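Working notes for the structure below.
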Amino acid sequence: MEAPLVVVNFKTYTSALASAADRLGKQMADVSTNARMVAVTSAFDLSSVSSIDGLEVWSQHLDPVGQGSHTGWLEPETAIARGATGTIINHAEHKVSLEHVRDLMAMLPEGFPICACAADVTEARALAELGPTFIAVEPPELIGGDISVTTADPTIVSDTVAAVKEVNPNVRVLCGAGVKNGQDVATAIALGAEGVLLASGVTKANDPQAVLEDLVSKL
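Heads up: the sequence shown runs through residues 1213 to 1431, numbered per our numbering.
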């Protein structure tokens, strides 16, 4: 098994934008772990955060458009030039069509990881047909909450893993929503996931460094 992922979505929290994004990125890079730490930043912060040594940085969203007359869209080639080495897509807070995901994948360079988010097993199965690098299952009702998906609905994690692997065994499965601590991460791995996607558990923490250390403490 490859190194488990700890993917932190900075969203647009005040505590994870601009200079705060740089600070959080450095804290992530300083965590001593065998896990694969990934910061998912605002497009505005890609260039700055990606300059931090030892940290993988993904975009929060990309659009399947080329360079030209596409005002307001997030064009992949520029994101890559500014430091994005991967992206999430179809997050619960920014849903897109399957066609959007398919067309974006066709534009991305070989080996550029794309993590497609799914609300349930059915959506995960449909996304798996496209063959993204990762699928992250996140029940929307648990996002930002105090109860981890691994506690509230563990079967959605194991069922998603089974469904995705049945469709495409090369797709790696992550889980998210309410993930807060090392036990949540360990439980996710035990359920068959290969890592976690989280946000507020880190970005809104009083001591993000301590939370980051705890997240990987049981790996």
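For each residue, glycine too, the CB sits at the ideal point set by N, CA and C. All values derive from a computational prediction rather than experimental measurement.
Boundaries of the beta strand (DSSP E) in which residue i is found, first to last residue
i	result
Arg1248	Arg1248 to Thr1253
Gly1407	Gly1407 to Leu1410
Val1423	Not the beta strand (DSSP E): Val1423 falls in the alpha helix (DSSP H), residues Pro1420 to Leu1427.
Thr1299	Thr1299 to Ile1301
Gly1388	Arg1384 to Gly1388
Three-state secondary structure (DSSP) of residue i
i	result
Glu1268	strand
Arg1294	coil
Val1261	helix
Ile1326	strand
Gly1349	One detail in the question is off: residue 1349 reads as Val in this sequence, not Gly. Of the three classes helix, strand and coil, the one that applies to Val1349 here is strand, per DSSP.
Ala1417	coil
Leu1354	helix
Minimum C-alpha distance to residue i - residue among the options
i	options	result
Glu1305	Ala1405, Asp1242 and Lys1223	Lys1223
Arg1248	Val1391, Gly1266 and Lys1238	Gly1266
Asp1156	Pro1381, Lys1416 and Val1423	Look at the range of the chain in this structure, 1213 to 1431, and you will see that residue 1156 is not part of it.
Gly1388	Pro1381, Gly1404, Leu1409 and Thr1372	Leu1409
Ala1291	Gly1323, Ala1328 and Thr1253	Thr1253
Gly1390	Ala1417, Ile1326 and Glu1322	Ala1417
Lys1430	Asn1221, Ala1232 and Asn1246	Asn1246
Asn1221	Ala1232, Ala1251, Leu1427 and Ala1233	Ala1251
Ile1347	Glu1322, Glu1406, Arg1294 and Ala1293	Glu1406
Thr1299	Lys1307, Gly1343 and His1273	His1273
Cα-Cα separation between residue i and residue j, rounded to whole angstroms
i	j	result
Ala1398	Thr1283	43 angstroms
Ser1309	Asp1275	11 angstroms
Val1383	Asn1302	16 angstroms
Ser1244	Asp1332	33 angstroms
Pro1216	Ile1401	8 angstroms
Pro1288	Glu1341	22 angstroms
Ile1359	Leu1403	16 angstroms
Gly1356	Lys1238	23 angstroms
Thr1501	Asn1393	The requested residue 1501 does not occur in the structure, where the chain is confined to residues 1213 to 1431.
Val1373	His1312	23 angstroms
Ala1241	Thr1363	28 angstroms
Val1415	Val1219	A small fix is needed here, since residue 1415 is Thr in this sequence, not Val. Looking at the two C-alpha atoms, the distance is approximately 12 angstroms.
Val1269	Val1261	7 angstroms
Glu1335	Asp1365	16 angstroms
Cys1329	Ala1296	18 angstroms
Glu1425	Asp1419	10 angstroms
Ile1264	Ser1412	21 angstroms
Val1369	Arg1235	32 angstroms
Glu1322	Val1361	32 angstroms
Leu1320	Thr1367	33 angstroms
Val1428	Cys1327	20 angstroms
Val1279	Leu1339	According to the sequence shown, residue 1279 is Gln rather than Val. C-alpha separation (whole angstroms): 26 angstroms.
First through last residue of the alpha helix (DSSP H) which encompasses residue i
i	result
Leu1236	Ser1231 to Asp1242
Val1219	Taken as a continuous stretch (DSSP letters only), Val1219 belongs to no alpha helix (DSSP H), being part of the beta strand (DSSP E) at Leu1217 to Asn1221.
Ala1375	Pro1366 to Val1379
Val1313	Leu1310 to Met1319
Val1397	Gly1394 to Ala1402
Glu1214	Careful: Glu1214 lies outside any alpha helix (DSSP H) and carries neither H nor E.
Leu1339	Val1333 to Ala1340
message: Check whether the region 1220–1240 and the region 1256–1268 touch, using three or more Cβ-Cβ pairs below 8 angstroms as the test.
response: Because the criterion of three Cβ pairs below 8 angstroms is met, the region 1220–1240 and the region 1256–1268 touch.
field: At least three beta-carbon pairs within less than 8 angstroms, the region 1373–1380 to the region 1350–1358
entry: In short, these stretches do not touch, since the Cβ pair count stays below three.
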